[in-house]
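See structure below.
Protein chains: 2
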Amino acid sequence: MELVQIYECLCDVTRLRLLNVLAQGPLCVCHFQAVLREPQVKISKHLGYLRTRGLVTARREGNWMIYELPAKLPAELRTNLACLQDCVREQPVFQRDLERLRKLAPGLAENGPGCCGPTRRKRAGALRCGDTPSPSDRRKA
Amino acid sequence: MELVQIYECLCDVTRLRLLNVLAQGPLCVCHFQAVLREPQVKISKHLGYLRTRGLVTARREGNWMIYELPAKLPAELRTNLACLQDCVREQPVFQRDLERLRKLAPGLAENGPGCCGPTRRKRAGALRCGDTPSPSDRRKA
DNA sequence: GATCTATATTCCTTAAAGAGAATACGAAGT
DNA sequence: ACTTCGTATTCTCTTTAAGGAATATAGATC
Numbered sequence: 038m039e040l041v042q043i044y045e046c047l048c049d050v051t052r053l054r055l056l057n058v059l060a061q062g063p064l065c066v067c068h069f070q071a072v073l074r075e076p077q078v079k080i081s082k083h084l085g086y087l088r089t090r091g092l093v094t095a096r097r098e099g100n101w102m103i104y105e106l107p108a109k110l111p112a113e114l115r116t117n118l119a120c121l122q123d124c125v126r127e128q129p130v131f132q133r134d135l136e137r138l139r140k141l142a143p144g145l146a147e148n149g150p151g152c153c154g155p156t157r158r159k160r161a162g163a164l165r166c167g168d169t170p171s172p173s174d175r176r177k178a
Numbered sequence: 038m039e040l041v042q043i044y045e046c047l048c049d050v051t052r053l054r055l056l057n058v059l060a061q062g063p064l065c066v067c068h069f070q071a072v073l074r075e076p077q078v079k080i081s082k083h084l085g086y087l088r089t090r091g092l093v094t095a096r097r098e099g100n101w102m103i104y105e106l107p108a109k110l111p112a113e114l115r116t117n118l119a120c121l122q123d124c125v126r127e128q129p130v131f132q133r134d135l136e137r138l139r140k141l142a143p144g145l146a147e148n149g150p151g152c153c154g155p156t157r158r159k160r161a162g163a164l165r166c167g168d169t170p171s172p173s174d175r176r177k178a
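First to last, the sequence lines map onto chains A and B. Following the working numbering, the residues of the first sequence are numbered contiguously, the last one being 178. Following the working numbering, the residues of the second sequence are numbered contiguously, the last one being 178.
See the structure below:
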């Protein structure tokens, strides 16, 4: 992986926020939506961008796509992500993201990174992500 | 300075090379040309890019423009430049630049960062940079 | 098999950046 | 004054990216 490509991935705020959150662990798209409070297209596109460049990996889990940092990071990427963490320590936007993530987190620990986790299927009323209103919900409002 | 802007500055190889060289000390444009072996427009434009974003400062010295890293760097920039240094340690392109810089360096130590240094004016035959042929030279060839 | 949910892709518009050729500018030197 | 030298700017072209709206797809549920 070229160094420049890493920096290209880092030169967009949304992607920085995604990576910052990802440093805490795997997550599904709709959780990213909830944490960053950005529209689905935006999240999805930027995750795709990161994915094609190898900064994140993705796997399917039911309806959900779980994104995470690759197990073994190339040295340069590792260094730069550490550097990012460092730089972001004082930046409100990024810290707010982490706070919102933490509020989501209790569920995550038990249920995994999926929107409601793999066990979710067994629970009634927990089928929808609910973090963002669907188009039909929006029409009702 | 926004973090993203730093990364925007870092997402071009030429600029990475410039910064890598600049980490060794101030330098004039024609020395950059010699070290990077890139055309003048390219060097000048990228230095301009870095300058408008505050990553480097410039001062005039006779005909020469001396570029250097600002005395007191913002924390994020400092961290990222250190990180860059680290990442680049094993990369041939960047190391070759530093070698070529070192070959130029003896003159630099005594004469300063200008193409032939401030004292140059007093020496005969040392008025031209000579690292890159001028258009008229090229016509002759 | 129709429907719903989470996510991806396509299409469009707009903006920015990179490269190179040519030209302009400012400071010396003659 | 004119030239020369080092450097910056302008112009043009091509590529890339970002955002949003709309639409497509894949898996799960009924």
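All C-beta atoms, glycine included, are put in the ideal place defined by N, C-alpha and C.
For B/D60, three-class secondary structure by DSSP: Checking the sequence shown, residue 60 of chain B turns out to be Ala, not Asp. Correct three-state label for B/A60: coil.
Same chain only: Cβ atoms within 7 angstroms of A/C120, ignoring 5 sequence neighbours per side: none
Per DSSP, the bridge partner or partners of A/Y104: A/L64 and A/A95
Three-state secondary structure (DSSP) of B/C48: It is coil, neither helix nor strand.
Collapsed DSSP secondary structure at B/R74 in the structure displayed: B/R74 falls in the coil class under three-state DSSP.
For A/K82, three-class secondary structure by DSSP: helix
is_contact[B/Y86, chain A] using C-beta, thresh 8 angstroms: no
Separation of B/P111 from A/I103, as counted between CA atoms: 36 angstroms
Whole-number beta carbon distance between A/L59 and A/E105, since they are thought to touch under 8 angstroms: 6 angstroms
Three-state secondary structure (DSSP) of B/R115: Looking at B/R115 - three-state DSSP - the assignment turns out to be helix.
Within chain B, partners of A/L110 - CB distance below 7 angstroms: Within 7 angstroms Cβ-Cβ: nothing; A/L110 doesn't reach chain B, min ~13 angstroms.
Beta-carbon gap between B/N117 and B/L47 smaller than 8 angstroms: yes
B/T116: contacting residues in chain A (beta-carbon distance under 7 angstroms): C120, D123 and C124
Neighbour flag for A/C67 against chain B, beta carbons, 8 angstroms: no
Simplified DSSP assignment, three categories, for A/D168: Reliability of the predicted coordinates at A/D168 is poor, the pLDDT of 42 falling under 50, and the value obtained from them is presented with this limitation in mind. Three-state DSSP puts A/D168 in coil, outside helix and strand.
Residues near A/T51 by beta carbon distance below 8 angstroms, same chain, minus five either side: L73, E75, K79, I80 and H83
Neighbour-count burial assignment, B/N100, 16 or more Cβ in a 10 Å radius: exposed
Beta-carbon contacts of A/V66 that lie in its chain and below 8 angstroms, excluding the five residues immediately before and after: Q77, I80, S81, L84, W101, M102 and Y104
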